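For the sequence shown, the numbering used here gives the first residue as 162, with consecutive numbering after it. For every residue, glycine included, the Cβ atom is placed at its ideal position computed from N, Cα and C. None of the values given here were measured: they were computed from a predicted structure.
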Amino acid sequence: MNRTEFIIATAIILFVAFAAGWFANWLVHRFTRVKQSDVADLDRMSQELHEAEETRDQAITYLQQRESELTNQLSQTEAELNAAMDGLRDARREAEELRGQLG
């Protein structure tokens, strides 16, 4: 094999190696390509997640407001109960004093 034949054989081998690498790269990208339907599904799921987070935030806000209202109502009820108990205690004491004066 002379020098020219060696150069031609080497060039052919390098070209075949290049073509095989390019074809392998094309195959890999062909099979790993993301389908448009997958992208649409991801977009839909992200939108649903965003809506769910907004709903959760609204629910948390509502529950905090409701808790505050119920806490205020409980405080008012306790104050009314204490006032009623004080009034009942005073009435009992007054009744005992009147019984003591009569008896």
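Residue interval of the alpha helix (DSSP H) (run including M246): Q197 to L263
Just the Cα atoms here: how many angstroms apart are N186 and L175? 16 Å
Note down the Cα distance separating A240 from T222, rounded to an integer number of angstroms. 27 Å
Start and end of the alpha helix (DSSP H) containing R164? R164 to F192
If you draw a straight line from the alpha carbon of A170 to that of T193, how long is it in whole angstroms? 35 Å
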